[in-house]
Amino acid sequence: MNRLLVRNSGRGFLKLLRPSVLSVRPFCGTVEMPRRANEDIKTLRSRLVYQSKKRGILENDILIGDFADLYLNKMGREELDEYDEIINGKHMEWDLYYYISGKKAPPKDLENSKVFKMMKDYVNEVKDKKPQ
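Just so we're aligned: the sequence shown equals residues 1 to 132 in the UniProt record's numbering.
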C-alpha cells in the first residue's frame with residue numbers, strides 16, 4: 001500500500017492520503033444542460049434567445065446571439081430542439097466557435113444538422129459583408 005504522508009501546517013496534524021486522491025483529473029469538462037420536458041414553444045424560444053446571447057465567450061455571444069435574433073422566430077419545434085442540442089450539448093464554446101466559423105471541421109453529428117448548416121451559412125454571410 002503506497003501512501004503519502006501530508007502535514008497540515010495550520011493545525012499540526014498528519015494525514016495519510018491514498019495516491020488515487022492525488023491523481024490527475026481534467027480541470028474542466030463539458031456540462032450538458034438538463035433536458036426540459038414539456039416546455040412550451042414560447043418559453044423554449046425565449047430561453048434559447050437568452051442562452052444564445054449569454055455564452056462563455058464574446059465571439060459566440062455575437063455570432064450565435066445575432067443568429068438567434070434572426071432565425072429562432074422562424075423555426076419550428078423540431079428545429080428549436082436541434083438548435084438547443086447544438087448550443088447546450090456536448091460541444092465546448094471554443095470548439096463550437098471554430099466549427100461555425102469554418103476554422104475546424106465539425107464532427108459528424110453537426111455536419112449532418114440542418115440547423116448547424118443555417119448557422120454556418122449565417123456566419124459566412126457576416127464574414128462576406130465585413131468591410132476589408
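Note that CB positions come from ideal geometry on N, CA and C, so glycine has one too.
Cα atoms of PRO106 and TYR99: separation of roughly 5 Å, rounded to the nearest angstrom.
The DSSP-derived three-state label of ILE57 is coil. In chain order, GLU82 and ILE86 place their CB closer than 7 Å to the CB of SER113, counting only its own chain and leaving out the 5 sequence neighbours on each side. Residue state for LYS103 is assigned as coil, using DSSP reduced to three classes. Assigned with DSSP and collapsed to three states, LYS114 falls in helix. Per DSSP, reduced to three states, the secondary structure at ASN124 is helical.
Here the alpha carbons of LYS108 and ASP69 stand approximately 26 Å from one another. Cα atoms of TYR122 and ASN88: separation of roughly 19 Å, rounded to the nearest angstrom. For ARG45, the secondary structure class from DSSP, reduced to helix, strand or coil, is helix.
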